[in-house]
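Residue numbers (the working numbering): 7 to 149.
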């Protein structure tokens, strides 16, 4: 069984178009989202405003079951000195594997279940870049 932990990879860049490894499918994780946020109450002596920046993808978390169950999984390994992280699963498992995307500047997340029978997930990073000290995501693939 996988170790359960709350683990986040922090990124803030668009997913780069890249070749998908043979036998894998690409998970199209949105690079940005549009949100509508309002302040509930402005503190005295302050003025509310808006930042024009769109919330960018800052990370993904992999879950054993729905994210509401909070069973986050750590990667099984990192390959090629951190070029990508790998999670492996029992393709006959009864629970679905979910991927949740987090975005900078908002509490909004997006989550999607991977198809039943998924046996591997890879998250590829841009090793030559750094955004707030983290590695931007290049692509997310599964099989």
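Heads up, the beta-carbon is just placed ideally off N, CA and C, and yes, glycines get one too.
Mark residue 124 as exposed unless 16 or more other C-beta atoms lie within 10 angstroms of its C-beta, in which case mark it buried.
For the purposes of this step, residue 124 is taken as residue 118 along the chain shown, with counting starting at 1. With 16 or more Cβ atoms within 10 Å of its Cβ, residue 124 is classed as buried.
Can you tell me whether residue 126 is helix, strand or coil according to DSSP?
The residue labelled residue 126 in the question sits at position 120 within the chain shown. In the displayed model, residue 126 falls within a strand according to three-state DSSP.
Cross-strand partners of residue 66 (DSSP beta bridge):
Residue 66 sits at position 60 when you count from the first residue of the chain shown. Answer by DSSP bridge pairing, in chain order: 107.
Compare the Cα-Cα distances from residue 147 to each of 126, 134, 47 and 133 and report the closest residue.
Here residue 147 refers to the residue found at position 141 of the chain shown. Considering only alpha carbons, the answer is 126.
Buried or exposed: residue 81, going by 16 or more other Cβ atoms within 10 Å of its Cβ?
Indexing the chain shown from 1 puts residue 81 at position 75. Result: buried.
Since residue 116 and residue 103 should fall inside the 8 Å C-beta cutoff, what is the C-beta to C-beta distance between them, to a whole number of angstroms?
Residue numbering aside, residue 116 sits at position 110 when the chain shown is read from its first letter. Residue numbering aside, residue 103 sits at position 97 when the chain shown is read from its first letter. No, residue 116 and residue 103 are not in contact; Cβ-Cβ is about 15 Å, not under 8 Å.
Name the DSSP beta bridge partners of residue 93, please?
Taking the chain shown and counting its residues from 1, one reaches residue 93 at position 87. Per DSSP, 127.
Assuming residue 144 is part of the beta strand (DSSP E), what are its boundary residues?
As a position in the chain shown, residue 144 is number 138, starting the count at 1. Annotation: the continuous beta strand (DSSP E) that includes residue 144 extends over 143-148.
Tell me which residue opens and which closes the beta strand (DSSP E) that residue 85 is part of.
As a position in the chain shown, residue 85 is number 79, starting the count at 1. Residue 85 -> beta strand (DSSP E) spans 83-85.
If you run the structure through DSSP and keep just helix, strand and coil, what is residue 31?
For the purposes of this step, residue 31 is taken as residue 25 along the chain shown, with counting starting at 1. Residue 31 falls in the strand class under three-state DSSP.
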